[in-house]
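Shown next, in structure tokens, is the structure this report addresses.
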Amino acid sequence: MDKVPTPAPENDLVFLGWGILGVIILSIGFMFFAPSVPSIQNIPYSQFLQEINSGKVEEVTLSNQQIVGTYRQNAVPPNQRFKTIPVPDPNLLPILQRNGVTFDGSVESTGFGSGIAWPIVILSILGLGWLFSRKSSPEKGFMSFSKSGARLSMGPGENKTTFADVAGVDEAKQELLEVVEFLRNPKKFTRLGGKVPKGILLIGPPGTGKTLIARALAGEAGVPFFSIGGSAFVEMFVGVGSARVRDLFEQAKAQAPCIIFIDELDAIGKSRGNNPMMSNDEREQTLNQLLSEMDGFNPSENVIVIAATNRPDSLDQALLRPGRFDRQVLVDRPDRQGRLAVLRLHAQKVSLGETVDFELLAAETMGFAGADLANLVNEAALLAARRDAPAVEMKDLNEALERLIAGLQKIGRVLNQQERVTVAYHEVGHAIVGSSVLGSNPLRKISIIPRGHQALGYTLQLPQEDRHLLTRTELFGQLATLLGGRAAEDLMFNGEVSTGAANDLAKVTELAEQMVTQLGMSHDLGNVCYLREGRNFLEDGTERRKTSEATAQMIDRAIRDLVDEAYDQAMANLRQNHTLLEEMAQSLLTHECLEGPNLEQFLKQIKRPSLPANLAYS
Ligand code: ADP
Ligand code: MG
Ligand code: ZN
Numbered sequence: 000m001d002k003v004p005t006p007a008p009e010n011d012l013v014f015l016g017w018g019i020l021g022v023i024i025l026s027i028g029f030m031f032f033a034p035s036v037p038s039i040q041n042i043p044y045s046q047f048l049q050e051i052n053s054g055k056v057e058e059v060t061l062s063n064q065q066i067v068g069t070y071r072q073n074a075v076p077p078n079q080r081f082k083t084i085p086v087p088d089p090n091l092l093p094i095l096q097r098n099g100v101t102f103d104g105s106v107e108s109t110g111f112g113s114g115i116a117w118p119i120v121i122l123s124i125l126g127l128g129w130l131f132s133r134k135s136s137p138e139k140g141f142m143s144f145s146k147s148g149a150r151l152s153m154g155p156g157e158n159k160t161t162f163a164d165v166a167g168v169d170e171a172k173q174e175l176l177e178v179v180e181f182l183r184n185p186k187k188f189t190r191l192g193g194k195v196p197k198g199i200l201l202i203g204p205p206g207t208g209k210t211l212i213a214r215a216l217a218g219e220a221g222v223p224f225f226s227i228g229g230s231a232f233v234e235m236f237v238g239v240g241s242a243r244v245r246d247l248f249e250q251a252k253a254q255a256p257c258i259i260f261i262d263e264l265d266a267i268g269k270s271r272g273n274n275p276m277m278s279n280d281e282r283e284q285t286l287n288q289l290l291s292e293m294d295g296f297n298p299s300e301n302v303i304v305i306a307a308t309n310r311p312d313s314l315d316q317a318l319l320r321p322g323r324f325d326r327q328v329l330v331d332r333p334d335r336q337g338r339l340a341v342l343r344l345h346a347q348k349v350s351l352g353e354t355v356d357f358e359l360l361a362a363e364t365m366g367f368a369g370a371d372l373a374n375l376v377n378e379a380a381l382l383a384a385r386r387d388a389p390a391v392e393m394k395d396l397n398e399a400l401e402r403l404i405a406g407l408q409k410i411g412r413v414l415n416q417q418e419r420v421t422v423a424y425h426e427v428g429h430a431i432v433g434s435s436v437l438g439s440n441p442l443r444k445i446s447i448i449p450r451g452h453q454a455l456g457y458t459l460q461l462p463q464e465d466r467h468l469l470t471r472t473e474l475f476g477q478l479a480t481l482l483g484g485r486a487a488e489d490l491m492f493n494g495e496v497s498t499g500a501a502n503d504l505a506k507v508t509e510l511a512e513q514m515v516t517q518l519g520m521s522h523d524l525g526n527v528c529y530l531r532e533g534r535n536f537l538e539d540g541t542e543r544r545k546t547s548e549a550t551a552q553m554i555d556r557a558i559r560d561l562v563d564e565a566y567d568q569a570m571a572n573l574r575q576n577h578t579l580l581e582e583m584a585q586s587l588l589t590h591e592c593l594e595g596p597n598l599e600q601f602l603k604q605i606k607r608p609s610l611p612a613n614l615a616y617s
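Pasting the structure below:
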């Protein structure tokens, strides 16, 4: 999470380097331009002599390089400054004296610019030299590769981070430990014909510890571990990125078995053609190179690529195909137990007072990611230090919590109590309707831990098998399930519904429209495919049959009827399970997440209502 930035050391160096470069350019600029800035007139020496003789010159300063002077106040441009290049002239001083010109000598008096700039320039050049020599030499066990920009760490000892520094994301840890195990002992896995994953993608919101886990993995791996940020591939110059990818994989293969870690994969992996106005050749080339490298090595080469992203939706689908990042590990915001573990972990570094109750804090921090929790402990420690307390007390933690929550609420990551209740009923509504309609998929998980910017909670239904044909009953069930959230709010809060259903309604409308206009699932419109104008008309330019105004009205009516019917169904199912709805919502509010046996025990009690009469039509 961006709240606790952990800048890579070489990033700082790069900044320093740019800074120094900037100073050099500025100082050189000064040397060239500064002396001429206050409109100094350049005049030839002969004119200089004339001006003196005509009495126009007030004073001059003489040096070996130049003569700088000022005209008198009554001269034509009054007080104008001028300069000239001296020629060997023994008569100059007598002439000056004769004309009453004040004169003065000077050592190197070219003005502000060069006087200050030269030492700066020299220092800066030395500094740059030092930086570059430093970058390319081994440093603290990390070797830098000028070409690929990857850092290589050779295993435990050099990297102090271990899995003990990661809390609350046990599944991801487990998955990655398996990888290490494989690299250490490949035969154990391949003996039975098992295939080892080539690529593992860590997916999760910012601040959940993806980078941290990878760093810990490097510490635990016992094999060479190359790590690189995705943005390091995306350079200004076309071709650099793909060369870096090639180079990285070459080095990795030479050191196999090993692990390559690409952080923030979305920097390269953004789906191609995302932005039609600007073709990003460089990114595309880099991405293609990465794809072909991943296809190019076979599993027996024992190179495993791990990548992290918090924007899986923006990734190019090609990256997710089999043989590439085919295994995806979710690194989610922790649940209450997880948050407790993270809090305890980070609190090890601060001294705690008696009053601190992490159980309570964990309960109050729903929606916080690991980084937010680390931030919380840190802020509290600062507050305690400010009041000169010997230890961090609960009031410090509470104050820090209030501040953090205010910030997180603004971006919709943390809900207030009333919102939480609403979301809980909404999600349970989906769950109950989803489990009581015909042909529904089994329910796996309900959660009110916010994820992403949109979903405040979610209900996860997994299809049991790949389905290619769906019946009208099943589609109708999907409509009702989608409406279950809104219906539950309607039922529980006496019609006072929230905006939480916006996304559901959009999906419902689209599905209902498809059923009516393309799937022939409406009585009134029959088995006709109506392509309505305005849909996808940009994509294919084919002529379509014009729908008459009357038909369009019928279509709208039919969509509306279908949705209403599905809503009634959802409502009926919820009414029948009213008590269960209450119980599940309460349980969800305490546990934030219902799954496994906990969820099973509720689902067993669901009553399935009989079908409405017109569903016999199919
Ligand atoms: P991500 O890469 O997922 O955005 P980071 O790994 O950069 O998140 O996490 C930032 C910091 O937050 C970590 O350095 C660590 O201090 C803290 N942190 C995040 N997740 C966890 C966790 N699961 N356990 C312990 N600390 C964590
Ligand atoms: Mg990260
Ligand atoms: Zn919903």
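Following numbering that gives the first Met the number 0, the numbering of the sequence shown begins with 0 at its first residue and continues without gaps.
Using N, Cα and C, we set each Cβ at its ideal position, and we do this for glycine too.
Limits of the beta strand (DSSP E) - the one that residue i falls within
i, result
"residue 327", "326-329"
"residue 444", "442-446"
"residue 259", "257-262"
"residue 307", "302-308"
"residue 102", "101-104"
"residue 69", "66-70"
Nearest to residue i (by Cα), restricted to the options the options
i, options, result
"residue 257", "212, 247 and 389", "247"
"residue 242", "330, 414, 289 and 480", "289"
"residue 589", "420, 550, 501 and 517", "420"
"residue 340", "263, 165 and 159", "165"
"residue 494", "97, 570, 225 and 239", "570"
"residue 376", "578, 98 and 398", "398"
"residue 162", "184, 210 and 530", "210"
"residue 52", "59, 95, 83 and 259", "95"
"residue 98", "392, 85 and 71", "71"
"residue 363", "379, 551, 400 and 555", "400"
"residue 329", "320, 349 and 305", "305"
"residue 622", "296, 190 and 501", "With the chain covering only 0 through 617, there is no way to say anything about residue 622."
"residue 528", "566, 551 and 175", "551"
"residue 559", "182, 403 and 511", "511"
"residue 430", "526, 598 and 355", "598"
"residue 606", "567, 530 and 432", "432"
"residue 572", "604, 586, 392 and 595", "604"
"residue 212", "185, 260 and 122", "260"
"residue 309", "322, 327, 484 and 38", "327"
Per-residue DSSP class, three states only, for residue i
i, result
"residue 497", "coil"
"residue 132", "Note that residue 132 has pLDDT 48, beneath the 50 cutoff, so the model's placement of it is unreliable and no number is given."
"residue 599", "helix"
"residue 40", "strand"
"residue 529", "coil"
"residue 84", "coil"
"residue 60", "strand"
"residue 437", "coil"
"residue 337", "helix"
"residue 699", "Beyond the ends of the chain as shown, which are 0 and 617, falls residue 699; an answer cannot be given."
"residue 458", "strand"
"residue 594", "strand"
"residue 269", "strand"
"residue 468", "coil"
"residue 247", "helix"
"residue 161", "coil"
"residue 195", "coil"
"residue 617", "At residue 617, the pLDDT of 33 sits below 50, so the modelled position is not reliable and the matter cannot be decided from this model."
"residue 318", "helix"
Start and end residues, alpha helix (DSSP H) containing residue i
i, result
"residue 571", "548-575"
"residue 224", "Here residue 224 belongs to no alpha helix (DSSP H); instead the beta strand (DSSP E) covers 224-228."
"residue 280", "280-295"
"residue 478", "471-491"
"residue 198", "Element bounds for residue 198: not the alpha helix (DSSP H) but the beta strand (DSSP E), 198-202."
"residue 182", "169-183"
"residue 209", "209-220"
"residue 636", "Outside the modelled stretch of the chain, which goes from 0 to 617, sits residue 636, for which no answer is possible."
"residue 358", "357-363"
I want to know whether the region 479-490 touches the region 512-529 - three or more CB-CB distances under 8 Å.
no
Within 8 Å, do at least three Cβ pairs link the region 488-502 to the region 432-447?
no
Meets three-Cβ-pair contact criterion under 8 Å: the region 56-67 and the region 78-90:
yes
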